[in-house]
Each structure stands twice: as C-alpha cells, then as structure tokens.
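S.K.:
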RNA sequence: GUGGACGUAGCUCAGCUGGUAGAGCACCCGGUUGUGGUCCGGGAUGUCGCGGGUUCGAGCCCCGUCGUUCACCCCA
C-alpha cells in the first residue's frame, strides 16, 4: 500500500468549481424560504453523545442499529457523527433552555450528516442537509407552513417533477390499536426469515416492500390512517385544508414508512421522479414525544430535512439549474512592476465599492492574459502599461462587444 | 451488509486473438514588438487504481485489495 494514492474516504460527496456554485445555489435556495418565515440559524456540532441518537432516533431503526459512525474519543466517551438533525436540535434546545421563552421556537440548520451505508446514486456516507424545526406548537397551521416552506424551496429552484406524499401516523392510542390488528394480519402471512425479522422490528416496514408479491399480500393489510383518533384525524384534515389553500399539491400515501422512530401525526416525504432508487429529496413530520423522551418538557414539534446533494441531482436531471458563470466586473492586466502596484490599488478601491475585480498576476504576457480574461468571463478588461500610468486613463474594453472606450481611472467604477 | 458492472493522461474515452500506450477536449508556448473568443503550428502530461500470480513478455489472463457505479436493504 506504500504507493497507494491518498483519496477521499468511500462514499463522500465533494463539490468543486464549477459545480460547487450550483451546490451553493441549491443550498441557499432551499433555506431561503425558512429565513423569510422567521426561522433562525442554529449551528451545532457534527458529533454528539451516542446516547442522544439511541434515545432520540430509536434503537430499532436501521440508522441507529447499523448505520452510525460511532467511536470512542480519548476520554473514553462514546461519540457518534450525527446521522440526522432533529435529535441534536432537541438536545440543544433542552440543554440551553431555548424553549423557556416564546413558543414556537423556530430554527433552521444546514450541514453535513453521516451514515455508514453502501454508497449509491444519491446516497452518500457524508451528505448535506438543510432543515428546520418548529417546537412547541400543536396548531395544524404550522404543519402546513413547514411543508409549504420546503415546497417553496423546491419551486424556487424550478423543480416540478416531484410529488409530496402525506400521511398521518396518529397519536399513541391510534398506533397501538392499529398495531394489534396489523400484527394479527401479518401472522397470517407466510414470510421468509428476513422479512419476518423486519416485521418484528417494525411491522410498518412491510408496507414498504418492493417485491410485487409482498405488495399484493399487503394490499388488504389494515392501514394506520383508518385507526386515527378523532383528534389526530381532525388535525390531519386541517393540515390538508391549509395546504390546499396554499396551493401545495400532495398525494395521500397511507403506506408511507419513515425510518426514524420519533415521528407522530403529520408525516410527509418529497419524492423526485427522475432520480434512481434513492428518490427521496426531503421529508419530515411531527415528533410530539421526542422532547420529553430526551428529558425536556413535553413540547410537540415538527420539522423537515432536505437533501441538498439529491436536490442538486434532481435539478440537473430536470435541466433547470443553469451554470450562470461567475463573472468579474473587471479584469486588470498590468504590464510591469509599477503597473502591478497600481492594479492592486485600483482593484482594492473598486472592490470596496462592491465590484468584483480580478488581476492577472504572473507576467504572462499580454496575449496570454487576454485569454485568461476571456476565460474568467469578466465583462470588462483594462490593460495597465506605461501610457496608462502616465495619463491615468485606460481603454475600458467590453469583452462581449470587443469595443473599448477611454475612461479615467478615477471614474472607472461608474462604467462597470 | 448482499449481488452485478467498471477502474487507461486534468476530463470523456480508444487500445484487435497478451509483445512494455493513443485520440478529442482542456492546458502551456508561438503565428513579428500593447489586446481575447475562430484558425494554424508546436509542446508537456500517464509507475494503464494498488499488490501478487501465470508467461520469454500483461493495460489486456488469474487472485486479492482499494475505489467508482447500479440494484437490494435503508434513506436525504
């Protein structure tokens, strides 16, 4: 292995020019609607006490049981790289008493998350998510607003080939009533060992089986939606009503299964049509018991997480994201040492006035520098040589038209 | 974690039944002294992912390993 090249760890996503600009654009677009809705940034560590995820996300989930990056730090503590965002936010809210003031607490976050899965199209071991959490309000209107915020982010990017799937997981009483009947139904099925094991961990999982015979077998299984308590049912209906009013279209999917244990009530998922097997571009829901489970007060909450990597893939698949070039307003080509110093000063001044300015360093020669100017896509170019230094006047060349005009250096900013 | 495909210059790839590597794009220089995008000429570039094996000889065959990719599982 001595000669093995060092390369990035397996399954990570990386972005560099020019694609990094698209990534940046997607990330910023997805979070913009949340900022406009009064959500505020919460910046958290990417690693947490392992117990946080065990208790928050749930031992029975795949995420916790086999996908976490867990290690022992030098003090012998068990640390885990965050596999999702909500648990960490709840921890911080409880720890710092953010829930002691006015409710709801409205937060947004953005950053890397980690899951030790086998990489695949749109599935990475380190991936990027933006998300929001609204804590301490049961009003169905906030459910609708949260969902509409996610939808607005997708729409602002020009996405259209996706759908919003909705369901309600109801409250505890709804779920336990359903569970009895579902288990009873499943016991009547002839399952192979792996499937039986999945059913044992979480019977709802069987709704998600991709095999045709299983889909058929589950056709008559009792649906949780039919077991909702009147409160849950009422709440969900109102959410749907608000979404209608907001013109956010959705399809009901009573067979939807989510991978995290904390979800209750309103639950949703955004699925893109042009992606491969990993087609979920975002998802979320209510988690009315999570806060208390983690030792906080009994506050409800709702939030979502959106996969920036996948949304970028989706935007590219739809062809709606443009490589609008990073363009400088001015590209300066200095000829000689004195000119270089002058270039530095001019650039500094113009940047101070908000202009994007680049300088051709390195004494490349005029022709080479002009080529460089062309490649950066700068809108204007000036050459700084002896005559310009003495006259303090330059020929400001507009690169698109090829025409140039004589301009005083002091008034350059007016022409950019 | 399971299974399939793949791994050759910065990028996309070619390389016939094994005889020690090529193209296009990109990049650099130049086409008479200070103005780009087209065109023309010239140039640099790879331990053919890594390790081992078979062979007189392997980019081409075999094994292992690392990685990529697609699917399962699961999810953003």
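Residue numbers (the working numbering): 917 to 1332. Just so you know, even glycine gets a beta-carbon here, dropped at the ideal spot from N, CA and C. Note that this is a predicted model, so its numbers are computed, not measured.
1) Here's the rule I'm using: 16 or more other beta-carbon atoms within 10 Å means buried, otherwise exposed. How should residue 1285 be labelled?
2) Beta strand (DSSP E) containing residue 1180: first to last residue?
3) Could you check where the alpha helix (DSSP H) with residue 970 kicks off and where it finishes?
4) May I have the straight-line CA-CA distance separating residue 1280 from residue 963, to the nearest angstrom?
5) So what does DSSP say about residue 931, is it helix, strand or coil?
6) If you run the structure through DSSP and keep just helix, strand and coil, what is residue 1109?
7) Under 8 Å between the Cβ atoms of residue 1031 and residue 975?
8) So for residue 1143, helix, strand or coil by DSSP?
9) Closer than 6 Å by C-beta to residue 1067: which residues in its own chain qualify, once you throw out the five before and the five after it? Chain order, please.
10) Return the Cβ separation of residue 1216 and residue 1053 in integer angstroms, given the expectation that the two are a contact with Cβ distance under 8 Å.
11) Under 8 Å: do the region 1219-1228 and the region 1039-1049 share three or more Cβ pairs, one atom per stretch?
12) Could you pull the DSSP bridge partners for residue 1044 from this structure?
13) Among the residues of its own chain, which have a CB less than 6 Å from the CB of residue 919, if the five just before and after it don't count?
14) Compare the Cα-Cα distances from residue 1103 to each of 1188, 1171 and 1119 and report the closest residue.
15) How would you label residue 917, buried or exposed, when you count the other beta carbons within 10 angstroms and need 16 or more for buried?
16) Helix, strand or coil: which one does DSSP assign to residue 919?
17) Could you tell me whether the region 1062-1076 touches the region 996-1005, using the rule of 3 or more Cβ pairs below 8 Å?
18) Only counting the same chain, and skipping five residues up and downstream in sequence, which positions put a Cβ closer than 8 Å to that of residue 924?
19) From what residue to what residue does the beta strand (DSSP E) around residue 987 run?
20) Cα-Cα, which of 1056, 1121 and 1237 is closest to residue 1204?
21) If you reduce the DSSP assignment to three classes, tell me which class residue 955 lands in.
22) Pull up the distance between the alpha-carbon of residue 1212 and that of residue 1269, whole angstroms please.
23) Going by alpha carbons, who is nearest to residue 1309 out of 1322, 1083, 1133 and 1263?
24) Distance check for residue 1179 and residue 1012, CA to CA, integer angstroms please.
25) Under three-state DSSP, which class holds residue 1237?
26) What do you get for residue 1117, buried or exposed, if any count of 16 or more other CB atoms within 10 angstroms of its CB means buried?
27) My parser needs the alpha helix (DSSP H) runs of 4 or more residues fully inside the region 1030-1102; what are they?
28) Give a single yes or no on whether residue 1163 has its beta carbon closer than 7 Å to a heavy atom of the ligand HEM.
29) Within the same chain, show all residues whose beta-carbon is closer than 7 Å to that of residue 1036, passing over the 5 residues directly before and after it, in chain order.
30) To the nearest angstrom, how far is it from the Cα of residue 1023 to the Cα of residue 1001?
31) Mind reading off the beta-carbon distance from residue 1143 to residue 1094? Whole number of angstroms is fine, and I expect it under 8 Å.
32) Quick one: Cα of residue 1071 to Cα of residue 955, how far?
M.R.: In brief:
1) Stepping through the first chain from its first residue, residue 1285 is reached at position 369. When all chains shown are included, residue 1285 counts as buried.
2) Along the first chain, read from residue 1 onward, the residue named residue 1180 stands at position 264. From DSSP, the beta strand (DSSP E) with residue 1180 extends over 1180-1188.
3) Numbered from 1 along the first chain, position 54 holds the residue referred to as residue 970. From DSSP, the alpha helix (DSSP H) with residue 970 extends over 966-972.
4) By 1-based counting over the first chain, the position of residue 1280 is 364. By 1-based counting over the first chain, the position of residue 963 is 47. Just so you know, the alpha carbons of residue 1280 and residue 963 end up roughly 47 Å apart.
5) Counted from its first residue, the first chain places residue 931 at position 15. Correct three-state label for residue 931: coil.
6) On the first chain, position 193 is the one that residue 1109 refers to. If DSSP states are grouped into helix, strand and coil, residue 1109 belongs with the helices.
7) Working through the first chain from its first residue, we reach residue 1031 at position 115. Working through the first chain from its first residue, we reach residue 975 at position 59. In this structure, residue 975 does not lie closer than 8 Å to residue 1031 by Cβ.
8) Counting from one through the first chain, the residue named residue 1143 turns up at place 227. Helix, per DSSP.
9) Walking along the first chain from the start, residue 1067 turns up at place 151. The answer, listed in chain order, is 1164.
10) Taking the first residue of the first chain as position 1, residue 1216 is located at position 300. Taking the first residue of the first chain as position 1, residue 1053 is located at position 137. At roughly 7 Å, the Cβ-Cβ gap stays under 8 Å, so residue 1216 and residue 1053 are in contact.
11) A contact exists between the region 1219-1228 and the region 1039-1049.
12) Position 128 of the first chain, counting from 1, holds the residue named residue 1044. Note: residue 1044 sits in a beta bridge opposite 1028.
13) For the purposes of this step, residue 919 is taken as the residue at position 3 of the first chain. With a pLDDT of 48 at residue 919, under the threshold of 50, the modelled position of that residue is not reliable, and the figure given next carries that caveat. Setting aside the 5 residues that flank it on each side, residue 919 has no residue in the same chain whose C-beta is closer than 6 Å to its C-beta.
14) Start at 1 with the first residue of the first chain, and residue 1103 comes out as number 187. Here the closest residue by C-alpha is 1119.
15) Mapped onto the first chain, residue 917 falls at position 1. Residue placement at residue 917 is flagged as unreliable, the pLDDT there being 36, under the threshold of 50; a coordinate-derived value is accordingly withheld.
16) Position 3 of the first chain holds residue 919. Its pLDDT being 48, under 50, residue 919 is placed unreliably in this model, and the value from its coordinates should be taken loosely. DSSP places residue 919 in coil when its eight states are reduced to three.
17) no
18) Counting from 1 along the first chain, the entry for residue 924 is found at position 8. 930, listed in sequence order.
19) The count along the first chain starts at 1 and reaches residue 987 at position 71. Where residue 987 is concerned, the enclosing beta strand (DSSP E) starts and stops at 985-988.
20) Taking the first chain and counting its residues from 1, the one referred to as residue 1204 is at position 288. When each option's Cα is compared against that of residue 1204, the closest is 1056.
21) Sequence index remark: in the first chain, residue 955 carries index 39 (1-based). DSSP places residue 955 in coil when its eight states are reduced to three.
22) The residue labelled residue 1212 in the question sits at position 296 within the first chain. The residue labelled residue 1269 in the question sits at position 353 within the first chain. The straight-line gap from Cα to Cα measures roughly 49 Å.
23) Stepping through the first chain from its first residue, residue 1309 is reached at position 393. Answer by Cα proximity: 1322.
24) As a first step, residue 1012 must be located in the first chain, where it is residue number 96. As a first step, residue 1179 must be located in the first chain, where it is residue number 263. Distance between the alpha carbons of residue 1012 and residue 1179 is about 23 Å.
25) Here the question's residue 1237 lines up with position 321 in the first chain. The three-state reading of DSSP puts residue 1237 in coil, since its state is none of H, G, I, E or B.
26) Indexing the first chain from 1 puts residue 1117 at position 201. With fewer than 16 other Cβ atoms within 10 Å, it is exposed.
27) 1056-1072
28) With respect to small molecules bound, the structure shown includes none, and the ligand HEM cannot be examined in it.
29) Translated into positions along the first chain, residue 1036 becomes position 120. Cβ neighbours of residue 1036 beyond the five flanking positions: 1193 and 1194.
30) Against the first chain, residue 1023 aligns to sequence position 107. Against the first chain, residue 1001 aligns to sequence position 85. Distance between the alpha carbons of residue 1023 and residue 1001: 11 Å.
31) As a first step, residue 1143 must be located in the first chain, where it is residue number 227. As a first step, residue 1094 must be located in the first chain, where it is residue number 178. The C-beta distance from residue 1143 to residue 1094 rounds to 4 Å, short enough to meet the 8 Å contact threshold.
32) Here residue 1071 corresponds to residue number 155 of the first chain, with the count starting at 1. Here residue 955 corresponds to residue number 39 of the first chain, with the count starting at 1. C-alpha separation (whole angstroms): 19 Å.
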